[in-house]
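Participant: Handing you this structure, nothing more for now.
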Amino acid sequence: MNELFFLGLSVCLMTICSAHMCLLNPRQRGSLSGYNKPAAADCYLTTDECGGRMRNPNNMAVFQRGMNYTVVLQKNLDHHNSTNPGSFDISLHHKTDISFYTRFLTSIPDTEEPSLTLYMTDIHIPHDLQLSESPNYILEVAYTTNTIPIVFRQCADIVVIM
């Protein structure tokens, strides 16, 4: 009986540990290889600081302070928790050699939609962002599933202009 329980638990944990999320707009750091198929490796990033992906100065979106923009993300592999739904939290980070700043922008609730579902939301780039040190910001989406203690992360590099 215990062996059957542990086998079932192992299968459940393997499924649970496979949540994936990709950031399509603005484009995420690194590759989007295979994003149109469930369980794509480029949609499975869990390391703090943008899933371990480094900034690419050749892949930066330009946003203007005080304007609205649409963020498009993909739940690459369904991981919905019906008793305690998770969320996709969108934040703006500003990091320089002398400071670190974070501003929460919005949250999208996770739903029972299937793998490969697109989620879209509008964000507002605040007027009061400080641009004196650097106009380079990071837009981060963090997918918290509420089933395991792992957060799935994607980032896009943006330049904020007046």
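Positions -19 to -1, 1 to 143 (mature numbering (1 follows the signal peptide of the UniProt record, and there is no 0)) are the ones given, in order, by the sequence shown.
Ideal Cβ positions, reconstructed from N, Cα and C, are used throughout, including at glycine.
Taking just the CA atoms, how far does residue 24 sit from residue 2?
Facilitator: CA-to-CA, the gap between residue 2 and residue 24 works out to about 5 Å.
Participant: Short of 8 Å in beta carbon distance, which residues of its chain neighbour residue 28, apart from the five on each side in sequence? Order them along the chain.
Facilitator: 134
Participant: Please classify residue -5: does DSSP put it in a helix, a strand, or coil?
Facilitator: Reliability of the predicted coordinates at residue -5 is poor, the pLDDT of 38 falling under 50, and the value obtained from them is presented with this limitation in mind. In this structure, residue -5 counts as helix in the three-state DSSP scheme.
Participant: Once DSSP output is grouped into helix, strand and coil, what is the label at residue 109?
Facilitator: In the three-state reduction of the DSSP assignment, residue 109 falls in the coil class.
Participant: Could you tell me the distance, in whole angstroms, from the CA atom of residue 136 to the CA atom of residue 120?
Facilitator: 6 Å
Participant: In terms of DSSP beta bridges, what is residue 197 paired with?
Facilitator: What is shown of the chain runs -19 to 143, which leaves residue 197 out entirely.
Participant: By DSSP, does residue 137 sit in helix, in strand, or in coil?
Facilitator: Residue state, collapsed to three classes: strand.
Participant: Can you tell me where the beta strand (DSSP E) with residue 17 in it begins and where it stops?
Facilitator: Run containing residue 17: none; DSSP gives neither H nor E here.
Participant: Buried or exposed: where does residue 138 fall if 16 or more other Cβ atoms within 10 Å of its Cβ makes it buried?
Facilitator: buried
Participant: Can you tell me which of 16, 126, 5 and 9 puts its alpha carbon nearest to the alpha carbon of residue 69?
Facilitator: 126
Participant: Once DSSP output is grouped into helix, strand and coil, what is the label at residue 103?
Facilitator: Three-state result, residue 103: strand.
Participant: Find the nearest neighbour of residue 111 within the set 57, 6, 56 and 83, judged by alpha-carbon distance.
Facilitator: 83
Participant: Should residue 75 go down as buried or exposed, given a rule of 16 or more other Cβ atoms within 10 Å for buried?
Facilitator: Buried, since its Cβ has 16 or more Cβ neighbours within 10 Å.
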